[in-house]
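Chemist:
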Amino acid sequence: MLPEELEQWSDRYAQRLVRLAYTYSRDWGSAEDRVQDAFLKAYQVRHQYRAERGELFSWLAKIVINECRMMVRRSWRERVMDILPERSSESTEDLYLAHLSKQQIYQTVLELPEFVRTPIVLHYYEDLSVEEIAQIIGKPSGTIKSRLWRGRARLRQMLEEEHAHGPSHQTIEKLL
Amino acid sequence: MDHPIRQSKSCYEEELLNLPVFKQKLADRMDIEKIERPILHTATSLRPRWITAVTAIAALCLITFVYPTVAEYFNSFQNDRFDPGITTAVANGYSQKIDQSVTDQGITLHVADILIDSMRLVVSYEVEQNGERSPDILYGAYALTDLDGNKISGSSLIGTGFDKDQSFGYFQLNLPSTEEQQLLLHVDIHKIQTYWNPEPHGTEHVTSGNWNLTIPIDLSQSKEATRGFAVEEDYTSPSGDILTLQQFTFAPSMIRFQIDSKNPFISDFGYEIKDERGDTVLYYDPLNNIKLWTWLSFQSMVDPKNQEITQYFSNIAPLPAGQRYTLEINGVWRVEPINFAIPLDSAATEQKPILGAYQDSGFAITKFEMTPDSSDQTFTVTVDLHGDKLPYSWNLAWKLEDEHGTRYAITYPESKTGLPFSFNNDRSYKIDETLVFKDIPSGQKSLKLILENFPHHEALNWKIPFTVPK
Chain A
1 MLPEELEQWS DRYAQRLVRL AYTYSRDWGS AEDRVQDAFL KAYQVRHQYR AERGELFSWL
61 AKIVINECRM MVRRSWRERV MDILPERSSE STEDLYLAHL SKQQIYQTVL ELPEFVRTPI
121 VLHYYEDLSV EEIAQIIGKP SGTIKSRLWR GRARLRQMLE EEHAHGPSHQ TIEKLL
Chain B
1 MDHPIRQSKS CYEEELLNLP VFKQKLADRM DIEKIERPIL HTATSLRPRW ITAVTAIAAL
61 CLITFVYPTV AEYFNSFQND RFDPGITTAV ANGYSQKIDQ SVTDQGITLH VADILIDSMR
121 LVVSYEVEQN GERSPDILYG AYALTDLDGN KISGSSLIGT GFDKDQSFGY FQLNLPSTEE
181 QQLLLHVDIH KIQTYWNPEP HGTEHVTSGN WNLTIPIDLS QSKEATRGFA VEEDYTSPSG
241 DILTLQQFTF APSMIRFQID SKNPFISDFG YEIKDERGDT VLYYDPLNNI KLWTWLSFQS
301 MVDPKNQEIT QYFSNIAPLP AGQRYTLEIN GVWRVEPINF AIPLDSAATE QKPILGAYQD
361 SGFAITKFEM TPDSSDQTFT VTVDLHGDKL PYSWNLAWKL EDEHGTRYAI TYPESKTGLP
421 FSFNNDRSYK IDETLVFKDI PSGQKSLKLI LENFPHHEAL NWKIPFTVPK
């Protein structure tokens, strides 16, 4: 049986946090594991949470993101990474995105680099404000706005490339 | 009207968490990991603010003026999911300060230190450019040699990691068995990718250049602390495979057990380690809860009887010295060759997906397209495939076969295999793949999609007691 706090956290936030963790791991089982790791860690230091500093969800999300970032790739069989395009688009992307399917957009969001993907997910999927995201990620609001802008531009660029040339993922040799 | 990205939120919310199962697993982990309600000391809550401020300033000074080391980083990290073997070995003095830097194209690659275990190396590094430091991604090659420059073969990269908040990354190398006490690690980086975007208007990009370092490795201390114990115990699986647990090796940052088998298709073992009371201190299930840092490696060789065998090395975090445990191997995963064919028919695919089933797994081909190249001599074949009820998260080996029986491999990077995948409630998994086959000769009348391998699980009940040496 869970302690009351963990019971409440699970009921109120587990679903949202596992979805957030999924954007890192791309594996639902791993995402659940990361959130559980975060819950157990947060439970042991829950006295450090201060309501006046922000919502509990934001505090937990910060710990979940940290757990996801700390996840080291263990498998010696792992293979590919995406190369990041060198140019960034400055065109208005909203009109372009409106013509694409939701699934296309979602799958491509998952492939964005983490530093722009997480603000995009927290803003558009979790409906958090720029200030709340800034608190979670630990960056100024101006930085978050910049990353949201860059994320949308990158999203459009990746979708354009997929549309024009087919799947654009490239295998990069890793440190062998 | 909602922004287009927000409209895709329904896809983000599609997957539903099984909350009762999640909470039960969390409760089980609390029991196993003995998570306790923290005791709130009055002294802590009344801690003077000035002490906190001094600590913060001291930490800031550390970041500003000193390259962080593996030792400092891992000593401060308490999460046992993050390889406590490294933490243990660092605390016991097995990290070696390197402090080497090389600069090219205005970018400095700095190696701070190395954790030296007799069976692995963990190298910490930072990349500095434009006055900022970050764990940028390195592309290149490495080589291990003896002091005379003779190559030591058999090492492999077993993991990489980075922590933006700490600004450095690290990579791990599996060390082969060698008589040498002194080695040289040659690191040759030809490309650095800025992964963490410098703010506010930086650009992420890849820089080509040459960053070469030669790092001396002194294995003597860790070798002296490494002990191997022969077991040589055979176990016959229900299907008739003979598995031999050859030995346990206890090194500063890890414990390794070696299982030999004539079957080269083993991909993983499931196991638990129990203490003398019968409590589980570690369990590993490739599909499920991974309790502690583990990984599997293998190598093929010929045994003294001139038979080809495969040696499987399972590596886990250290356990307390002097304690007795039982290794319980409860299952083995094999990815074995099969020859499962799905005929491809573009006209039929336009009407409805082509379905196929292998054992309990189902496959649906939703797209089959043949695109001629500019010369009309060859085609590119694209297949969109959905797989469900797959028993193991292992990339499946797909080929295209023409009417003459000639098989063609999928083309990377165009093919997207195994991604994304997700789990069903019963822990079977599903995938959506796009397979691309290039340079298929024109004039094909019929093509088949062939699956050449498939994972199988076999339950085992094999218990081996062992004692961690003092």
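Listed in order, the protein sequences are those of chains A and B. Reading the first sequence from the start, the letters are residues 1 to 176 in full-length UniProt numbering. Reading the second sequence from the start, the letters are residues 1 to 470 in full-length UniProt numbering. C-beta: ideal position from N, C-alpha, C; glycine also. Note that this is a predicted model, so its numbers are computed, not measured.
In angstroms, rounded to a whole number, what distance separates the CA positions of glutamine 258 of chain B and tyrosine 284 of chain B?
Modeler: Position 258 of the second sequence, counted from the first residue, corresponds to residue 258 of chain B. Position 284 of the second sequence, counted from the first residue, corresponds to residue 284 of chain B. Cα to Cα, glutamine 258 of chain B sits roughly 16 angstroms from tyrosine 284 of chain B.
Chemist: Closest to glutamine 247 of chain B by CA distance: which of B:Asn315, B:Gly209, B:Gln105 is it?
Modeler: Position 247 of the second sequence, counted from the start, is the residue given in the question as residue 247 of chain B. Closest by alpha carbon: B:Asn315.
Chemist: Going along chain B, which residues have a C-beta under 8 angstroms from glutamate 32 of chain A?
Modeler: Within the first sequence, the letter at position 32 stands for residue 32 of chain A. Leu17, Phe22, Lys25, listed in chain order.
Chemist: Could you check which residue in A:Val121, A:Ala38, A:Glu160 has the C-alpha nearest to that of serine 10 of chain A?
Modeler: Residue mapping note: residue 10 of chain A aligns to position 10 of the first sequence, counting from 1. Selected option, being the one with the closest Cα: A:Ala38.
Chemist: Where do the N-terminal and C-terminal ends of the beta strand (DSSP E) with phenylalanine 168 of chain B fall, by residue?
Modeler: Here the question's residue 168 of chain B lines up with position 168 in the second sequence. That run of the beta strand (DSSP E) goes 168-174.
Chemist: What does glutamate 13 of chain B reach in chain A if we use C-beta pairs closer than 8 angstroms?
Modeler: Position 13 of the second sequence holds residue 13 of chain B. In chain order: Arg19, Tyr125.
Chemist: Can you name the start and end residues of the beta strand (DSSP E) that lysine 41 of chain A belongs to?
Modeler: Here residue 41 of chain A refers to the residue found at position 41 of the first sequence. Taken as a continuous stretch (DSSP letters only), lysine 41 of chain A belongs to no beta strand (DSSP E), being part of the alpha helix (DSSP H) at 28-44.
Chemist: Would glutamine 351 of chain B be called buried (16 or more neighbouring beta carbons within 10 Å of its own) or exposed?
Modeler: The sequence position of residue 351 of chain B within the second sequence is 351, counting from 1. So glutamine 351 of chain B ends up on the exposed side.
Chemist: Listing by chain order, which chain A residues have their CB less than 8 angstroms from the CB of arginine 29 of chain B?
Modeler: For the purposes of this step, residue 29 of chain B is identified with residue 29 of the second sequence, where counting begins at 1. Correct list: Gln36, Leu40.
Chemist: Which residues does DSSP pair with aspartate 234 of chain B in a beta bridge?
Modeler: To locate residue 234 of chain B, count along the second sequence from 1; it is residue 234. Per DSSP, B:Thr244.
Chemist: What does methionine 1 of chain A reach in chain B if we use C-beta pairs closer than 8 angstroms?
Modeler: Within the first sequence, the letter at position 1 stands for residue 1 of chain A. Residues of chain B passing the Cβ test: Ala27.
Chemist: Below 8 angstroms on the Cβ atoms is my contact criterion, and I expect tyrosine 94 of chain B with serine 222 of chain B to pass it. Report the Cβ-Cβ distance as a whole number of Å.
Modeler: As a position in the second sequence, residue 94 of chain B is number 94, starting the count at 1. As a position in the second sequence, residue 222 of chain B is number 222, starting the count at 1. Indeed they touch by this definition, with Cβ atoms about 6 angstroms apart.
Chemist: Decide if valine 21 of chain B is buried, meaning its Cβ has at least 16 other Cβ atoms within 10 Å, or exposed.
Modeler: As a first step, residue 21 of chain B is located in the second sequence; it is residue number 21 there, counting from the start. Exposed: under 16 other Cβ atoms inside 10 Å.
Chemist: Does the contact criterion of 3 or more C-beta pairs under 8 angstroms hold for the stretch 248-255 of chain B versus the stretch 209-225 of chain B?
Modeler: At 8 angstroms Cβ cutoff, the stretches touch.
Chemist: Since tryptophan 28 of chain A meets chain B, which of its residues come closer than 8 angstroms, beta carbon to beta carbon?
Modeler: Your numbering for residue 28 of chain A matches position 28 in the first sequence. Under the 8 angstroms cutoff, chain B gives Glu15, Ser422, Phe423.
Chemist: Considering only C-alpha positions, which residue in the set B:Leu175, B:Gly387, B:Glu452 is nearest to isoleucine 410 of chain B?
Modeler: Your numbering for residue 410 of chain B matches position 410 in the second sequence. Nearest of B:Leu175, B:Gly387, B:Glu452 to isoleucine 410 of chain B, Cα basis: B:Glu452.
Chemist: Can you list the residues of chain A that proline 455 of chain B reaches, using a CB-CB cut of under 7 angstroms?
Modeler: Counting from one through the second sequence, the residue named residue 455 of chain B turns up at place 455. What proline 455 of chain B touches in chain A: nothing, since even the nearest Cβ is about 13 angstroms away.
Chemist: In terms of alpha-carbon separation, which member of B:Ser374, B:Glu232, B:Leu173 lies closest to valine 122 of chain B?
Modeler: Your numbering for residue 122 of chain B matches position 122 in the second sequence. The shortest C-alpha separation from valine 122 of chain B is found at B:Leu173.
Chemist: Quick one: does leucine 6 of chain A have its CB under 8 angstroms from some CB of chain B?
Modeler: As a first step, residue 6 of chain A must be located in the first sequence, where it is residue number 6. At least one chain B Cβ lies under 8 angstroms of leucine 6 of chain A.
Chemist: Helix, strand or coil for arginine 277 of chain B, going by three-state DSSP, please let me know.
Modeler: Here residue 277 of chain B corresponds to residue number 277 of the second sequence, with the count starting at 1. DSSP places arginine 277 of chain B in coil when its eight states are reduced to three.
Chemist: Taking Cβ-Cβ distances shorter than 9 angstroms, what residues in chain B pair up with alanine 14 of chain A?
Modeler: Counting from one through the first sequence, the residue named residue 14 of chain A turns up at place 14. Within 9 angstroms Cβ-Cβ: Leu17, Leu19, Phe22, Lys23, Leu26.
Chemist: Check whether the Cβ atoms of aspartate 117 of chain B and glutamine 96 of chain B sit closer than 8 angstroms, and answer yes or no.
Modeler: One-based indexing of the second sequence puts residue 117 of chain B at position 117. One-based indexing of the second sequence puts residue 96 of chain B at position 96. Not in contact: aspartate 117 of chain B and glutamine 96 of chain B (Cβ atoms no closer than 8 angstroms).
Chemist: For isoleucine 144 of chain A and valine 130 of chain A, which I take to be in contact (beta-carbon distance under 8 angstroms), what is that distance rounded to the nearest angstrom?
Modeler: Taking the first residue of the first sequence as 1, we reach residue 144 of chain A at position 144. Taking the first residue of the first sequence as 1, we reach residue 130 of chain A at position 130. So it is a contact: roughly 5 angstroms between Cβ atoms.
Chemist: Compute the Euclidean distance between the alpha carbons of threonine 406 of chain B and lysine 367 of chain B, then round it to the nearest angstrom.
Modeler: As a position in the second sequence, residue 406 of chain B is number 406, starting the count at 1. As a position in the second sequence, residue 367 of chain B is number 367, starting the count at 1. C-alpha separation (whole angstroms): 22 angstroms.
Chemist: Using a C-beta to C-beta distance shorter than 9 angstroms, which residues of chain B count as neighbours of glutamine 135 of chain A?
Modeler: Working through the first sequence from its first residue, we reach residue 135 of chain A at position 135. Those do not exist, as glutamine 135 of chain A stays about 15 angstroms from chain B at its closest Cβ, beyond 9 angstroms.
Chemist: Quick one: give me the first and last residue of the alpha helix (DSSP H) that glutamine 120 of chain A is part of.
Modeler: Within the first sequence, the letter at position 120 stands for residue 120 of chain A. A small correction: the amino acid at residue 120 of chain A is isoleucine; glutamine does not occupy that position in the sequence shown. Looking at the DSSP string, the run of the alpha helix (DSSP H) that includes isoleucine 120 of chain A is 114-120.
Chemist: Considering serine 10 of chain A, what are the terminal residues of the beta strand (DSSP E) in which it resides?
Modeler: Position 10 of the first sequence, counting from 1, holds the residue named residue 10 of chain A. Note, serine 10 of chain A: premise wrong, no beta strand (DSSP E); alpha helix (DSSP H) at 4-25.
Chemist: Who are the near neighbours of aspartate 104 of chain B in its chain, counting only those whose CB is closer than 6 angstroms to its CB and skipping five residues on each side?
Modeler: Taking the first residue of the second sequence as 1, we reach residue 104 of chain B at position 104. The answer, listed in chain order, is Gly209, Asn210, Trp211.
Chemist: Bridge partners for leucine 355 of chain B per DSSP, in chain order?
Modeler: Within the second sequence, the letter at position 355 stands for residue 355 of chain B. Its beta-bridge partners are B:Ala364.
Chemist: Looking at the structure shown, is serine 267 of chain B part of a helix, part of a strand, or coil, going by DSSP?
Modeler: Position 267 of the second sequence, counted from the first residue, corresponds to residue 267 of chain B. Three-state result, serine 267 of chain B: strand.
Chemist: How many whole angstroms separate the CB atoms of tyrosine 408 of chain B and phenylalanine 437 of chain B, which I take to be in contact at a CB cut-off of 8 angstroms?
Modeler: Along the second sequence, one-based indexing puts residue 408 of chain B at 408. Along the second sequence, one-based indexing puts residue 437 of chain B at 437. Yes, tyrosine 408 of chain B and phenylalanine 437 of chain B are in contact; Cβ-Cβ is about 5 angstroms, under 8 angstroms.
Chemist: Would a check of beta-carbon distances place glutamine 258 of chain B closer than 8 angstroms to chain A?
Modeler: Here residue 258 of chain B refers to the residue found at position 258 of the second sequence. False, the Cβ-Cβ gap to chain A never drops below 8 angstroms.
Chemist: Kindly identify the DSSP beta-bridge partner or partners of proline 320 of chain B.
Modeler: Here residue 320 of chain B refers to the residue found at position 320 of the second sequence. Bridge partners of proline 320 of chain B: none, in fact.
Chemist: State the Cα-Cα distance for the pair glutamate 272 of chain B and glutamine 103 of chain A, rounded to the nearest angstrom.
Modeler: Here residue 272 of chain B refers to the residue found at position 272 when the second sequence is read from its first residue. Here residue 103 of chain A refers to the residue found at position 103 when the first sequence is read from its first residue. Cα to Cα, glutamate 272 of chain B sits roughly 40 angstroms from glutamine 103 of chain A.
Chemist: Taking the straight line between their C-alpha atoms, what separation do you get for tyrosine 125 of chain A and lysine 62 of chain A?
Modeler: Your numbering for residue 125 of chain A matches position 125 in the first sequence. Your numbering for residue 62 of chain A matches position 62 in the first sequence. Using only the alpha carbons, I get a separation of about 16 angstroms.
Chemist: Determine, for proline 216 of chain B, whether the minimum Cβ-Cβ distance to residues of chain A falls below 8 angstroms.
Modeler: Taking the first residue of the second sequence as position 1, residue 216 of chain B is located at position 216. No, proline 216 of chain B lies away from the interface with chain A (no Cβ there is under 8 angstroms from its Cβ).
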